[in-house]
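Written out as structure tokens, the structure reads:
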């Protein structure tokens with residue numbers, strides 16, 4: 001592939017706010033074969049399903065997300081611009097532990113004799129009704145830009161996010177992004193799902 005075509009692909013990725021290392025881009029181009037007619041959509045789909053922690057990012061472009069940005073001693077900070085990140089984990093922090101326990105108890109345990117199997121179905125349903133989550137949901141995320149990992153929470157409910165998002169999902173964060181005490185606060189205005197998984 002010519003240097004012009006390589007630079008064009010890199011520029012087109014950059015227009016999508018994706019900054020990859022030259023090594024990763026060259027390796028990805030090579031994986032398609034010499035005779036392949038490669039365009040930015042081929043590279044983009046490959047990027048969506050790649051792990052950003054595997055030296056994909058051009059770390060020169062990741063300076064906004066240095067570990068200093070999430071320093072716990074800084075009371076408040078804002079980051080501007082567009083930033084692609086990858087989901088490492090998500091959980092509903094407002095859900096009580098009992099909901100997780102109830103989900104565990106719903107496993108097929110016909111052969112197991114325990115306290116749960118000795119209670120009546122009516123007692124179990126009454127207990128579950130009392131222990132259901134009441135109040136607003138609060139999702140918390142561990143995200144990475146490929147250089148550092150950081151915690152984020154949904155400051156206001158974001159309808160298109162939930163606690164069953166696939167690990168490796170790519171998100172586009174749009175500034176201004178507020179960080180307080182090392183935690184990024186997200187709203188629906190500054191998050192977009194790009195797709196992918198690892």
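Numbering (full-length UniProt numbering), first residue to last: 1 to 198. Note that the Cβ used here is the ideal one computed from N, Cα and C, for glycine as well.
Query - Other residues of its chain near residue 192: CB distance less than 6 Å, five sequence neighbours each side excluded - result: 172
Query raised in the report: Looking only at its own chain, which residues have a Cβ that is under 7 Å from the Cβ of residue 42, when we skip the five neighbours before and after it?
Result: 32
Report task. Starting from residue 39, follow the alpha helix (DSSP H) in both directions and report where the run begins and ends. Result -> Taken as a continuous stretch (DSSP letters only), residue 39 belongs to no alpha helix (DSSP H), as it is neither H nor E.
Query raised in the report: Expressed to the nearest angstrom, what Euclidean distance is found between the alpha-carbon atoms of residue 139 and residue 19?
Result: 27 Å
Query raised in the report: Can you give the beta carbon distance from residue 181 to residue 150, rounded, assuming they're within the 8 Å contact cut?
Result: Their Cβ separation, rounded to whole angstroms, is 12 Å, which puts residue 181 and residue 150 out of contact at 8 Å.
Requested in this report: Find the nearest neighbour of residue 23 within the set 37, 7, 17, judged by alpha-carbon distance.
Outcome: 7
Query raised in the report: Going by the CB atoms, is the gap between residue 186 and residue 153 shorter than 8 Å?
Result: yes
Query raised in the report: Between the Cα of residue 17 and the Cα atoms of 175, 89, 75, 188, which residue gives the shortest distance?
Result: 175
Requested in this report: For residue 194, collect the residues of the same chain with a Cβ closer than 6 Å to its Cβ; drop the 5 residues on either side in sequence, then sort them by chain order.
Outcome: 170, 172
Query raised in the report: Are the beta-carbon atoms of residue 164 and residue 136 separated by less than 8 Å?
Result: no
Query raised in the report: residue 92: which of 141, 189, 81, 10 sits nearest, CA to CA?
Result: 141
Report task. List the residues that DSSP assigns as beta-bridge partners of residue 57. Result -> 20
Query raised in the report: Excluding the five sequence neighbours on either side, which residues of its own chain have a C-beta within less than 8 Å of the C-beta of residue 78, listed in chain order?
Result: 175, 176, 177, 178, 179
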